[in-house]
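Numbering (the numbering used here), first residue to last: 38 to 389.
Glycine is no exception: its CB is placed at the ideal position from the N, C-alpha and C atoms.
None of these values were measured; they are calculated from a predicted model.
Input: a single structure, listed below in structure tokens.
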């Protein structure tokens, strides 16, 4: 989470202490020690909730305010901040949040202090597409320990075009002394996230009973403007297993799921195995991977059929223990069951 930090411009006790310490440099050492003790206790009681920090981290950014030219002046500076939303294309509104903080320099330390956001207003060309979710009421507190959360919602029906607005927030410390007014330049883009199935199903055709078959084919093309990541389980069901994808998948050892990312304009190839089945079966399964960002899905099918085995019939002509060839005779076998067929009972006549 990123944060904005403001430096208060009011002439508080720490500013007075700094001035006194500077003036004491020509005085006695005892006076200087006494001033240090007084300032230290004054600072402690004035900022009981303050937190000593370094105003720079890998994920935070801060806005340094310039103190007013005259003691107690009420003028404020404008601090410009750029807030660029992560590109989004999901149908639901999208929101992000940042943290606003006020800080000041006490002696040589940078310390966060308490304050307030007096108001917040969005204006600009696309202001109607942005909405303030937090704070919901004003003045809104800015805490010394964790600041104030600013949450903005964005939604537009326009794709691939940057949308802009300005968020203006005047602030003050708890004593009513003004600190900087923050002007946040908002930029958000709803990128086009579309895809196209290259085919609706993959058919393994007729496969011998209890035989494994493998097929590779192009499955899906990314027709949008950003990469799309697809998540799926490689073990679809007992009859079908995904062996590989191109681009190569990232395999999660905990969830046992794979994620394959396809860049804009590129396609995904699948290598799938039919694990076999008994004779005379037709296996159809839906393959519905999920897109990781917006939870989109597809409807794709794997199809495989196993060949029906013909019945094995052996005819023997045995008369008084002597087997003789059967010629030019019509033998009626009656009705018998033929396994693995839709109509298992047949009237069968074998002519030899």
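Inter-residue spacing [alpha-carbon to alpha-carbon] between residue 139 and residue 210: 8 Å
Other residues of its chain near residue 130: CB distance less than 6 Å, five sequence neighbours each side excluded: The residues are 190 and 192.
Cβ-based neighbour list, residue 160, same chain, cut-off 6 Å, excluding 5 preceding and 5 following: 203
Residue 242 versus residue 303 - alpha carbon distance: Distance between the alpha carbons of residue 242 and residue 303 is about 28 Å.
Residue 158 classed as buried or exposed, judged by whether at least 16 other C-beta atoms fall within 10 angstroms: exposed
When 227, 208, 216 and 170 are compared against residue 198, the one with the closest alpha-carbon: 227
Same chain, Cβ closer than 6 Å to residue 206, five either side skipped, listed in chain order: 154, 157 and 219
6 Å CB neighbourhood of residue 196 in its chain, flanking five on each side removed: Excluding sequence neighbours, residue 196 sits near 227 and 229.
Rounded straight-line distance, which links the Cα of residue 308 to that of residue 279: 6 Å
Residue from 276, 168 and 323 with nearest C-alpha to residue 201: In terms of Cα proximity to residue 201, the closest of 276, 168 and 323 is 168.
Residue closest to residue 337, alpha-carbon to alpha-carbon, out of 321, 330, 331 and 121: 321
Under 9 Å between C-beta atoms of residue 291 and residue 267: Not closer than 9 Å, so no.
Residues near residue 164 by beta carbon distance below 7 Å, same chain, minus five either side: 202
Selection from 334, 275 and 271 that minimises the alpha carbon distance to residue 281: 271
Residue 450 versus residue 293: straight-line alpha-carbon distance, rounded: With the chain covering 38 to 389 only, the question about residue 450 has no answer from this structure.
Residue environment, residue 216, which counts as buried when at least 16 other CB atoms sit within 10 Å: buried
Contacts around residue 323, its chain only, beta-carbon distance under 8 Å, and the 5 residues preceding and following it disregarded: 336, 337 and 338
Residue range of the unbroken beta strand (DSSP E) whose run includes residue 228: Residue 228 -> no beta strand (DSSP E), and no H or E assigned at all.
Proximity below 9 Å, CB of residue 344 to CB of residue 264: no
Classification of residue 234 by the beta-carbon crowding that lies within 10 angstroms, buried from 16 upward: Burial is judged here by how many other beta carbons sit within 10 angstroms of a residue's own beta carbon; residue 234 has fewer than 16 and is exposed.
Residue 122 vs residue 223 beta-carbon contact at 9 Å: yes
Minimum length 3: unbroken beta strand (DSSP E) runs contained in the region 285-341: Entirely contained in the region 285-341, the beta strand (DSSP E) runs reaching 3 residues are, in chain order, 295-299, 304-311 and 319-324.
Any beta strand (DSSP E) of 3 or more consecutive residues that is wholly inside the region 242-275: Complete beta strand (DSSP E) runs here, min 3: 250-259, 265-269 and 272-274.
Nearest neighbour of residue 306, chosen from 315, 285, 151 and 173 [CA to CA]: 285
Span of the beta strand (DSSP E) around residue 158: 158-160 is the span of the beta strand (DSSP E), which, as asked, contains residue 158.
One or two residues paired with residue 122 in a DSSP bridge: Paired residue(s): none; residue 122 is not in a bridge.
Close beta carbons around residue 329, own chain, < 6 Å, minus the five adjacent residues each side: Excluding residues up to 5 positions away in sequence, 266 and 268 lie with their Cβ nearer than 6 Å to the Cβ of residue 329 in the same chain.
Member of 171, 327, 258 and 310 whose CA lies at the smallest distance from the CA of residue 132: 171
Start and end residues, beta strand (DSSP E) containing residue 280: It spans 277-283 - the beta strand (DSSP E) in which residue 280 sits, taken as one unbroken run.
Beta-carbon gap between residue 341 and residue 277 smaller than 9 Å: yes
Alpha helix (DSSP H) runs contained entirely in the region 161-221, provided each spans 4 or more residues: Within the region 161-221, complete alpha helix (DSSP H) segments of at least 4 residues are not found at all.
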